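Sequential numbering from 2 applies to the sequence shown in our numbering. Every residue, glycine too, gets a C-beta built ideally from N, C-alpha and C. Since the structure is predicted, the reported quantities are computational estimates derived from the model, not experimental observations.
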Amino acid sequence: MLRVRAALPTDYPDFARLFPELTAEHAPPSEARWLAEMVATTLIADEEGAAVGYLYGQPLAQVGYIRHLVAAPGARGRGVGRALVLAAGESFRGRGLSRWCLNVRPDNVAALRLYASVGMKPIFESVFLHFADWARIDALPEGPPGVIAGTCAPDEDSRAEADTGVLAGTLTDARARPGRTARVLRDGERFVGAGILDPDVPGITPFEVATPALAGALLRALRPFRRADLAHVEVRAEANPSLAAFLVAAGATERLRTLRYEGAL
Ligand SMILES: CC(C)(COP(=O)(O)OP(=O)(O)OC[C@H]1O[C@@H](n2cnc3c(N)ncnc32)[C@H](O)[C@@H]1OP(=O)(O)O)[C@@H](O)C(=O)NCCC(=O)NCCS
Numbered sequence: 002m003l004r005v006r007a008a009l010p011t012d013y014p015d016f017a018r019l020f021p022e023l024t025a026e027h028a029p030p031s032e033a034r035w036l037a038e039m040v041a042t043t044l045i046a047d048e049e050g051a052a053v054g055y056l057y058g059q060p061l062a063q064v065g066y067i068r069h070l071v072a073a074p075g076a077r078g079r080g081v082g083r084a085l086v087l088a089a090g091e092s093f094r095g096r097g098l099s100r101w102c103l104n105v106r107p108d109n110v111a112a113l114r115l116y117a118s119v120g121m122k123p124i125f126e127s128v129f130l131h132f133a134d135w136a137r138i139d140a141l142p143e144g145p146p147g148v149i150a151g152t153c154a155p156d157e158d159s160r161a162e163a164d165t166g167v168l169a170g171t172l173t174d175a176r177a178r179p180g181r182t183a184r185v186l187r188d189g190e191r192f193v194g195a196g197i198l199d200p201d202v203p204g205i206t207p208f209e210v211a212t213p214a215l216a217g218a219l220l221r222a223l224r225p226f227r228r229a230d231l232a233h234v235e236v237r238a239e240a241n242p243s244l245a246a247f248l249v250a251a252g253a254t255e256r257l258r259t260l261r262y263e264g265a266l
């Protein structure tokens, strides 16, 4: 019998076994990260005591964000994915959220059908850009004078999110995650950029700038927080084809496109 339950700290080996099904380019998150950031908002699908799937969600201020969804290869097509998604929806609703979203590859037919069947729709495309070396960002322009890069105080998070188009709650959420660095760009009173570096991926998500010409300033502000042993970095341009084209012209390589699906809960 299939049962969906809250994850336990001891589920880490099953999580690490199932994570590669997402075909991410990086290794599974460490056990320390699982314990500190993920276990509390992960659901496990259990069949006769064996974990056959998991869903890791991130409840933000207004939106429940499904970050990972996996059904074990031997258990697909029997309702595991749907049971996890429906349970996540219940959990998000229980937290007072009214919308949910996720990213999916446009060729992932099974996932697209599942998400459409629970009322989600595509709202934009994201492009993953890969810089083989941080040194490549030196080719980017400095950015207009008057734009200042720096930190954002906790009581400024919601204004920075609204100004830059980052999902509400994202900057606040990052404060609770060990190792993340957030930087913003300011033009007078207005925030014109925001990015969060996860040095272990290594990647910057979200990466929002009011114009592509500001990308260099945001990347330079985050570079000091990179891991010295990892030369490359990935940036996700969300709903921003001109930013993606600008970064490709500066030497980044396009790695992947995903669709943002979103819907009412
Ligand atoms: C996507 C995934 C989670 C679906 O899990 P699943 O347990 O096989 O899905 P379910 O059996 O619950 O099916 C739910 C719905 O998905 C769709 N679906 C599932 N398998 C499908 C397939 N092979 N072809 C087309 N649609 C399919 C159907 O709409 C199905 O509903 P239905 O049975 O009422 O027709 C699973 O394929 C998986 O883990 N894939 C690898 C990781 C991944 O891609 N995750 C999603 C990242 S966005």
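Unbroken beta strand (DSSP E) stretches of 3 residues or longer found wholly inside the region 147 to 233: 148 to 151, 182 to 188, 191 to 199 and 204 to 210, given in chain order. Glycine 217 counts as buried, since at least 16 other C-beta atoms from the protein chains shown sit within 10 angstroms of its C-beta. DSSP, read as helix, strand or coil, puts glutamate 22 in helix.
Leaving aside the five residues that flank alanine 245 on each side, the residues in its chain whose CB is nearer than 8 Å to its CB run, in chain order, Val128, Leu130, Ala238 and Glu255.
Around the C-beta of glycine 50, fewer than 16 other C-beta atoms lie within 10 Å, and the residue is accordingly described as exposed. Distances from the CB of valine 105 to the heavy atoms of ligand 1 include at least one below 8 Å. Counting only residues of its own chain and dropping the five nearest sequence neighbours on each side, leucine 248 has a CB closer than 6 Å to the CB of Leu130.
Within a 10 Å sphere around the beta-carbon of leucine 36 sit fewer than 16 other beta-carbons, which makes this residue exposed.
For glutamate 91, the enclosing alpha helix (DSSP H) covers residues 81 to 95. Residue environment for methionine 2: exposed (fewer than 16 other C-beta atoms within 10 angstroms of its C-beta). Contact between proline 60 and arginine 96 is confirmed by a C-beta separation of about 5 Å, below the 8 Å threshold.
Under the three-state reduction of DSSP, serine 118 is assigned to helix. Excluding its 5 nearest sequence neighbours in each direction, arginine 94 has C-beta neighbours in its own chain below 6 Å: Leu266, listed in chain order. A distance below 9 Å separates the beta carbons of leucine 87 and valine 119. The beta carbon of threonine 152 lies closer than 8 Å to those of Ala183, Arg184 and Val185 in the same chain, with the five residues before and after it left out. With a cutoff of 9 Å on beta-carbon distance, glutamate 48 and leucine 260 are scored as not near each other. Excluding sequence positions up to five before and after alanine 222, its CB lies within less than 6 Å of the CB of Ala150 and Arg184, all in the same chain and listed in chain order. Taken through DSSP and simplified to helix, strand or coil, glutamate 48 comes out as strand. In this structure, asparagine 109 has its CB closer than 8 Å to one or more heavy atoms of ligand 1. In this structure, glycine 78 has its beta carbon less than 8 Å from a heavy atom of ligand 1.
Taking 9 Å as the cut-off, the beta carbon of glycine 54 is found closer than this to the beta carbon of leucine 85.
Relative to the Cα of arginine 100, the nearest Cα in the group Arg228, Val202, Pro203 and Leu168 belongs to Leu168. When the beta-carbon positions are compared, leucine 141 and leucine 70 stay at least 9 Å from each other. Look at leucine 130 here: in three-state DSSP terms it is strand. Membership of valine 249 in the alpha helix (DSSP H) is indicated by the continuous run 242 to 250.
Using a cutoff of 8 Å, the CB of valine 81 counts as near ligand 1, since one of the ligand's heavy atoms is closer than that. Residue pairing for tyrosine 57: DSSP places it in a beta bridge opposite Thr43 and His69. The C-beta separation of proline 203 from valine 236 comes to about 10 Å, leaving the pair out of contact by the 8 Å criterion.
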